[in-house]
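Counting with the numbering used here, you get residues 190 to 292 for the letters of the sequence shown. Virtual Cβ for every residue (Gly too), placed ideally from N, Cα, C. Here is the structure we will look at.
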Amino acid sequence: MKRIYISGPMSGLPNHNFPAFHAAAEKVRAQGIEVVNPAEINADTDLSWEECLRADIKALCDCDTIAMLPGWENSKGAHLEVHVAHRLGIRVVRIEDIGRGAE
């Protein structure tokens, strides 16, 4: 893996679930892997959902892996990101499998 995009639920969660995104990014970066973190891309929480997803999808396209946070199944944005990843041949993994040899 060269660059990992983190995906998961944000909308409707306290602090947009940014703490979970930042913790995951820190864990992956500690392994020397480059990370794209949507919580960093969309730090301006006044942007619309559509504006955020446009920026996120652009960033996802430059990654070779997407790592899913727990609860992603309940996120329409994460579903869209996984769909794009599948169509573009981007590997899909669970965040908890990073560093376990499952990636």
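Contact test: residue i Cβ vs the ligand ATP heavy atom, cutoff 8 Å
| i | result |
| --- | --- |
| residue 211 | As far as ligands go, the structure on display features none, and thus does not contain the ligand ATP. |
Where residue i falls, given that 16 or more other Cβ within 10 Å makes a residue buried
| i | result |
| --- | --- |
| residue 260 | exposed |
| residue 277 | exposed |
| residue 196 | buried |
Alpha carbon of residue i to alpha carbon of residue j, nearest angstrom
| i | j | result |
| --- | --- | --- |
| residue 234 | residue 251 | 23 Å |
| residue 282 | residue 239 | 24 Å |
| residue 201 | residue 289 | 31 Å |
| residue 263 | residue 269 | 11 Å |
| residue 272 | residue 194 | 14 Å |
| residue 247 | residue 229 | 14 Å |
Enclosing beta strand (DSSP E) for residue i [first to last residue]
| i | result |
| --- | --- |
| residue 219 | No beta strand (DSSP E) holds residue 219; DSSP gives it neither H nor E. |
| residue 256 | 254-257 |
| residue 284 | It is not in any beta strand (DSSP E) - residue 284 carries neither H nor E in the DSSP assignment. |
Continuous alpha helix (DSSP H) stretch holding residue i: start and end
| i | result |
| --- | --- |
| residue 289 | That residue, residue 289, is in no alpha helix (DSSP H); it is neither H nor E in DSSP. |
* Asked: Just checking, does the segment 239-247 make contact with the segment 208-217 on the three C-beta pairs under 8 Å criterion?
  -> Touching, no.
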